[in-house]
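Undergrad: Please see the structure below; I have some questions.
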Ligand SMILES: Cc1cc2nc3c(=O)[nH]c(=O)nc-3n(C[C@H](O)[C@H](O)[C@H](O)COP(=O)(O)OP(=O)(O)OC[C@H]3O[C@@H](n4cnc5c(N)ncnc54)[C@H](O)[C@@H]3O)c2cc1C
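Numbering (this note's numbering), first residue to last: -12 to 572.
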């Protein structure tokens, strides 16, 4: 279980009350270099290896990460750094900001961590910085759990390992034989390890596990630290990453996979006969907000992670406008449910707030009937067609309007939304096509922020809002859909519609997206329903991580509910397809 760190600030530097230890010494950044980086061949390898993987125990204030990332960038290397870390008592954004404001020397990279600090939610988080040059995979929770997950799900061996737990006498859990053994399972021969402690017990245990240990002179600050080179057998062989991937469909699902692979130096052949942002991704006023469930299910876990992942991912693109989103009462959102949702996320004040009526008026500028509302300050609007264009603007992505020669052995990703593909029959997937429409409507007043109730309302410009969206089990004519939209119960008067946008969502029978390996070497990102703006970027990360041999940034139980073969398993249990009538074939 996640626990807040109990920090005291002494001369502007964090001190752990729980472990009665400092997070770092007064020469903070220099100490990281002296103890963790300088004894290793980090600089040389940064310049020569296409991808460096560093594993750290004890993320703490994020100092090792930021100093290492800065050092990597300073080498002007062509490759990429993947930094994996674990933390049971994660800092908040404010704590990171305070730490780096008070350091002995500025670390320019640290503004990235502060800006994209993961929310205090248990499990895996991934952040990507500097156009994918630096990636952070961080596990919030018990290190041993996260490490076992790395052993099972991360295929790339570790190059450098920084053991940076608090003093072993104060925090023995992070130095247990079990932890050290688990680390070893992720190394290759000649992986390097550094640690602040020089405790005899740790040295002896590391030697037993196959490390050659050298003492590093740290006088006059302390006597010595440890540098070790692993001479045992390699347990993990990195699988070959695909050099080229073919993606079908240039909506948000396909374009986000394309971008993430392109940033990892994979060549992407993207094919869409209609060009980018054509299907459901033609909606120019789409909303990114939490769509939270407030329970402990894997689906709830997926949604909250998708929101945070997407929120950070989209910040790099001008088609995302971070303006906050207000969720008021609606037929699916009672005040009780709001309270439940807020309670489900104990450390959420910086990204989820429960507002009273007065506060609702302050953020929206309009009088709302709701007694309470949920406020997502980081939420916002996404112009999906423009986002797809922005995502594809990368030298490694090649957009084809005609189907290119497909090498049958090449890795493929299907992201064709509500469209079927004769080459990949998908009737066992149980996915439906649901049309929808938003209308751009004249209004007398314009709220300050988008409002979600029964449907949503997005301020576009003065006296113009986008409203929607219809959910058409039977396809409607645009006129009828406009009438439905104008009848929506919003706290402002809706005048007349001046234009509309229509698209077809792809929705699965269990309302959960379909993300994973579809058949051998063929992956799918589909059925994003009404939440593609938040689910598609995380789906892209799950798929690209799997293709690159990285741990996907979600927990195992969440990955399981997304996989395409779940329908087949259910069908096998039931003995038949539930109903094939309206499924996309
Ligand atoms: C009216 C409406 C309002 C919405 N509002 C929101 C919202 O506020 N927030 C939110 O999160 N989501 C919203 N959504 C849902 C969101 O738009 C979708 O989840 C998302 O766009 C799905 O993206 P996609 O890439 O999976 O599919 P699509 O965007 O449909 O893209 C599929 C692409 O595949 C291409 N294609 C088809 N056949 C082939 C083929 N054989 N080979 C190659 N390419 C092919 C198509 O040309 C298309 O470009 C809304 C949807 C609608 C319709």
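A virtual CB, placed ideally from N, CA and C, is assigned to each residue, including glycine.
Assess contact between the region 133 to 150 and the region 212 to 227, defined as three or more Cβ pairs (one per stretch) separated by less than 8 Å. Is contact present?
TA: yes
Undergrad: Quick check on DSSP: helix, strand or coil for residue 176?
TA: strand
Undergrad: Is it true that the region 289 to 296 meets the region 347 to 361, where meeting means three or more beta-carbon pairs spaced less than 8 Å apart?
TA: no
Undergrad: Would residue 379 pass as a contact of residue 242 if the rule is Cβ separation under 8 Å?
TA: yes
Undergrad: Taking DSSP's pairing of strands, which residues face residue 452 in a bridge?
TA: Beta-bridge pairing links residue 452 to 428 and 446.
Undergrad: Pull the bridge partners of residue 363 from the DSSP assignment, please.
TA: 312
Undergrad: Does the beta-carbon of residue -4 have 16 or more other beta-carbons within 10 angstroms, so that it is buried, or is it exposed?
TA: exposed
Undergrad: Under DSSP, the alpha helix (DSSP H) around residue 295 begins and ends at which residues?
TA: Residues 285 to 301.
Undergrad: Which value, in whole angstroms, describes the spacing of the CA atoms of residue 103 and residue 511?
TA: 28 Å
Undergrad: Going by other Cβ atoms of all chains shown within 10 Å of its Cβ, with 16 needed for buried, is residue 404 buried or exposed?
TA: buried
Undergrad: Among residues of its own chain, excluding the 5 on either side of residue 521, which ones have a beta-carbon nearer than 6 Å to its beta-carbon?
TA: 275, 293, 294 and 297
Undergrad: Return yes when at least one heavy atom of ligand 1 lies under 7 Å from the C-beta of residue 452, else no.
TA: no
Undergrad: If distances are taken between C-alpha atoms only, which option among 5, 55, -10 and 38 comes closest to residue 20?
TA: 55
Undergrad: Can you check which of these residues, 99, 259, 334 and 115, is closest to residue 68 by C-alpha distance?
TA: 115
Undergrad: Report all residues from its chain with a CB closer than 6 Å to the CB of residue 535; omit the five preceding and five following residues, and keep chain order.
TA: 228 and 251
Undergrad: Closer than 7 Å to a non-hydrogen atom of ligand 1 - does that hold for the CB of residue 386?
TA: no
Undergrad: Please tell me whether residue 53 and residue 97 are closer than 8 Å, where the distance is taken between their beta carbons.
TA: Between residue 53 and residue 97, the C-beta gap is smaller than 8 Å, which places the two residues in contact.
Undergrad: Per the DSSP calculation, residue 38 is bridged to which residue(s)?
TA: Bridge partners of residue 38: 67.
Undergrad: Using only the heavy atoms of ligand 1, determine whether one of them is closer than 7 Å to the beta carbon of residue 370.
TA: In this structure, residue 370 has its CB at a distance of at least 7 Å from all heavy atoms of ligand 1.
Undergrad: Any heavy atom of ligand 1 closer than 7 Å to the beta-carbon of residue 493?
TA: yes
Undergrad: Helix, strand or coil, according to DSSP, for residue 208 in the structure here?
TA: Of the three classes helix, strand and coil, the one that applies to residue 208 here is coil, per DSSP.
Undergrad: How should residue 74 be labelled, buried or exposed, when 16 other C-beta atoms within 10 angstroms of its C-beta is the threshold for buried?
TA: buried
Undergrad: CB of residue 442 to nearest heavy atom of ligand 1: below 7 Å?
TA: no
Undergrad: Label residue 219 either buried or exposed according to how many other C-beta atoms from any shown protein chain fall within 10 Å of its C-beta, with 16 as the threshold for buried.
TA: exposed
Undergrad: Taking the beta carbon of residue 389 as the centre, do at least 16 other beta carbons fall within 10 Å, making it buried, or is it exposed?
TA: exposed
Undergrad: At 3 residues or longer, and completely inside the region 377 to 410: list those beta strand (DSSP E) runs for me, N to C.
TA: 384 to 387 and 398 to 401
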